[in-house]
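Engineer: Numbering (this note's numbering), first residue to last: 1486 to 1626.
No residue lacks a Cβ here, since even glycine has one placed at the ideal position from N, Cα and C.
This one's a predicted model, so the numbers in the text were calculated from it and none came from an experiment.
Encoded as structure tokens, here's the structure I'll be asking about.
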């Protein structure tokens, strides 16, 4: 998990401990990249999930770009997917993630605005629905 199970939401029903742990960085990019090279698989599929992976989007982009380049050079297939609350999927981030081959997302809303923002507020208590919907509209466009 790129940000160590950390999350930017305060889900009413969440059972995880979201204390910030060490973020994954360059040494982790190198370790994962070397592991993928050693497996010599025709397909590499990376799934980012747990907490909110996009809290460390720079790690995801760096690893994906490296894997994408290596896969093209070695005639391999590489895909990446993520489970995200979509709050951080701003246009700049989504464009960078898309370029790095993160093409599929699992995103959920907890009903309409009132229920969703009540159940899934930010850590500071503010609602999240409108920003997520706007981010999704950008993705669709």
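(1) For residue 1594, which residues does DSSP report across the bridge?
(2) Could you give the uninterrupted runs of the beta strand (DSSP E) lying entirely in the segment 1540-1603, keeping only those of 3 residues or more?
(3) How should residue 1582 be labelled, buried or exposed, when 16 other C-beta atoms within 10 angstroms of its C-beta is the threshold for buried?
(4) Spatial neighbours of residue 1569 within its chain, please: CB distance less than 7 Å, with the 5 preceding and 5 following residues excluded, ordered by chain position.
(5) Secondary structure at residue 1608, three-state DSSP: helix, strand or coil?
(6) By how many angstroms is the C-alpha of residue 1517 removed from the C-alpha of residue 1544?
(7) For the alpha helix (DSSP H) that contains residue 1524, what are its first and last residues?
(8) Give the straight-line distance between the Cα atoms of residue 1598 and residue 1579, rounded to the nearest whole angstrom.
(9) Is residue 1670 near residue 1549, with beta carbons less than 9 Å apart?
(10) Comparing C-alpha positions only, which one of 1492, 1493, 1551 sits nearest to residue 1511?
(11) Is residue 1573 closer than 9 Å to residue 1493 when the C-beta atoms are compared?
(12) Return the first residue and the last residue of the beta strand (DSSP E) that residue 1529 is part of.
(13) For a test of the three-state rule: what should DSSP assign to residue 1622, helix, strand or coil?
Structural biologist: Considering the structure as presented:
(1) The residue you call residue 1594 lines up with position 109 of the chain shown. Per DSSP, none; premise fails for residue 1594.
(2) 1562-1568, 1587-1591
(3) Here residue 1582 refers to the residue found at position 97 of the chain shown. Buried is the call here.
(4) Here residue 1569 refers to the residue found at position 84 when the chain shown is read from its first residue. Excluding residues within five positions, the ones whose Cβ falls inside 7 Å are 1537, 1538, 1539, 1590, 1592.
(5) Here residue 1608 corresponds to residue number 123 of the chain shown, with the count starting at 1. Note: residue 1608 maps to coil in three-state DSSP.
(6) As a working note, residue 1544 is residue 59 in the chain shown. As a working note, residue 1517 is residue 32 in the chain shown. Cα to Cα, residue 1544 sits roughly 11 Å from residue 1517.
(7) Taking the chain shown and counting its residues from 1, the one referred to as residue 1524 is at position 39. Segment 1511-1524, the alpha helix (DSSP H) holding residue 1524.
(8) What you label residue 1598 is simply residue 113 of the chain shown in a count that begins at 1. What you label residue 1579 is simply residue 94 of the chain shown in a count that begins at 1. Cα-Cα distance, rounded: 23 Å.
(9) Outside the shown range of the chain (1486 to 1626) lies residue 1670, about which nothing can therefore be said.
(10) In the chain shown, residue 1511 corresponds to position 26, counting from 1. Of the listed residues, the one whose Cα sits closest to residue 1511 is 1551.
(11) Reading the chain shown from its first residue, position 8 is the one you call residue 1493. Reading the chain shown from its first residue, position 88 is the one you call residue 1573. Contact: yes.
(12) Taking the first residue of the chain shown as position 1, residue 1529 is located at position 44. That run of the beta strand (DSSP E) goes 1528-1533.
(13) Here residue 1622 corresponds to residue number 137 of the chain shown, with the count starting at 1. Reduced to three states, the DSSP call for residue 1622 is helix.
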